Amino acid sequence: MPEDGRPVPSGGPAPPSLQVAEVLGHRRAGVYHTLTLAASEVARTAQPGQFIGLLTGPERAYLLRRPFSIHRVDWRGAGSGSLEVVFDVVGPGTRALSWLRPHDTVDLVGPLGHAFTLPEQPTSCLLIGGGYGSAPLFFLAERLLARGCRIDFIVGASTEERLFKAMEAKRLARSAVITTDDGSAGRRGIVTDPMPEVIEAARTELVYACGPMAMLAAVSQVATTAKVACQVAVEELMACGTGICYSCVVPMAAPEGGIRMARSCVEGPVLDGAQVAWAELGLSAGLSGGPGYPASLAEEAM
Ligand code: FES
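Sequential numbering of the sequence shown, starting at -16, is according to our numbering.
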């Protein structure tokens, strides 16, 4: 059995399952929403960094599924399991999700995508999240702690109200630095500001990051400079979520040189930050350390 008591997956990632999931709970987490869904099969097999696709809207009117990172899973044996996703109301799809109440149902497929790779040995890991992009890092933190890893957190947002579970990050981690663009909580600045000092103090061996693409670009740049491996969970527009439509491609360094396009829904969402061709994405605002990181295109389409 793995650290969290679920059966050991064999033969690679589990195939996604399609189901109509009952809403078990809908809570507010600051300005964000948390949905708890009865999804035993997904809860049994999901790994940190994977996501689910939800059909939303009245009568599931929006034909394209919206991707949501898995925040937590709770698996209690066959037929009894749930998962949580976190979202912000940023468009019609997420507005429709915000109307869901317990006992409503939602059409779900998952788990999808490529998960974070976990170290085999106890390792010093730095987890960096921006806004509610931090959500999958808490699932990851549980798994890393169960493996005896040291974890440190940097959690950032534009303002205090847009931080996600900063107090829980402090509770879980050996150290946690909070940043806000406007200084309303923690340090004024962006998540990359404290990275060098945290990496040095914690002797960080591996960085994991989730959040807007410009933030991920900047985090990857700092990690590469510090010669620390960096896994990032990218946020890209996704239409099919299963590798068919090529709406989610991310430019990556090709082994033979040049650039190749990777479908982030199947090769990602977790990618090697050092291999993403960030300059091709035109994210200069985030790379320059400007005033915070813009919302991603994917978020605006939700
Ligand atoms: Fe269709 Fe990735 S979302 S290929």
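By construction, the Cβ of each residue, glycine as well, lies at the ideal position given by its N, Cα and C atoms. Predicted, not measured: the structure shown is a model, and the values here were computed from it.
Residue i CB to nearest heavy atom of ligand 1 below 7 Å
| i | result |
| --- | --- |
| glycine 224 | yes |
| isoleucine 35 | no |
| methionine 221 | yes |
| arginine 49 | no |
| arginine 246 | yes |
| isoleucine 227 | yes |
| serine 203 | no |
| serine 0 | no |
| cysteine 231 | yes |
For residue j and residue i, the rounded distance between their alpha carbons
| i | j | result |
| --- | --- | --- |
| glutamate 250 | histidine 97 | 6 Å |
| glutamine 214 | serine 117 | 14 Å |
| valine 73 | glutamate 180 | 34 Å |
| alanine 26 | valine 92 | 12 Å |
| cysteine 223 | proline 50 | 9 Å |
| leucine 7 | serine 0 | 19 Å |
| histidine 54 | glutamine 33 | 9 Å |
| valine 217 | alanine 61 | 32 Å |
| glutamine 104 | arginine 78 | 42 Å |
| glutamate 143 | glutamate 239 | 45 Å |
| methionine 235 | glutamate 5 | 38 Å |
| alanine 152 | serine 230 | 33 Å |
| leucine 120 | methionine 196 | 16 Å |
| alanine -3 | glutamate 263 | 32 Å |
| tryptophan 261 | glutamate 219 | 13 Å |
| proline 177 | aspartate 87 | 43 Å |
| leucine 199 | isoleucine 137 | 13 Å |
| tryptophan 58 | glycine 241 | 43 Å |
| valine 205 | threonine 175 | 7 Å |
| glycine 166 | serine 23 | 41 Å |
| arginine 11 | glutamate 125 | 22 Å |
Proximity below 8 Å, CB of residue i to CB of residue j
| i | j | result |
| --- | --- | --- |
| valine 160 | leucine 189 | no |
| threonine 163 | glycine 139 | yes |
| leucine 133 | alanine 185 | As written in the sequence, residue 133 is arginine, which differs from the leucine given in the question. The answer is yes: Cβ separation under 8 Å. |
| aspartate 135 | threonine 187 | yes |
| tyrosine 191 | leucine 254 | no |
| valine 259 | arginine 246 | no |
| glycine 114 | phenylalanine 147 | yes |
| valine 89 | leucine 47 | no |
| glycine 194 | glycine 112 | yes |
| threonine 39 | glycine 64 | no |
| alanine 29 | proline 85 | no |
| glutamate 286 | leucine 128 | Within the shown structure, residues of the chain are numbered from -16 to 285, placing residue 286 beyond reach of any answer. |
| valine 14 | arginine 154 | no |
N- and C-terminal bounds of the beta strand (DSSP E) containing residue i
| i | result |
| --- | --- |
| phenylalanine 34 | 34 to 39 |
| threonine 88 | 88 to 95 |
| aspartate 68 | The sequence given here has valine at residue 68, not aspartate. Looking at the DSSP string, the run of the beta strand (DSSP E) that includes valine 68 is 64 to 70. |
| phenylalanine 136 | 133 to 140 |
| valine 190 | 189 to 193 |
Unbroken alpha helix (DSSP H) run spanning residue i, endpoints
| i | result |
| --- | --- |
| methionine 196 | 196 to 208 |
| arginine 78 | 75 to 80 |
| leucine 120 | 118 to 129 |
| isoleucine 182 | 178 to 185 |
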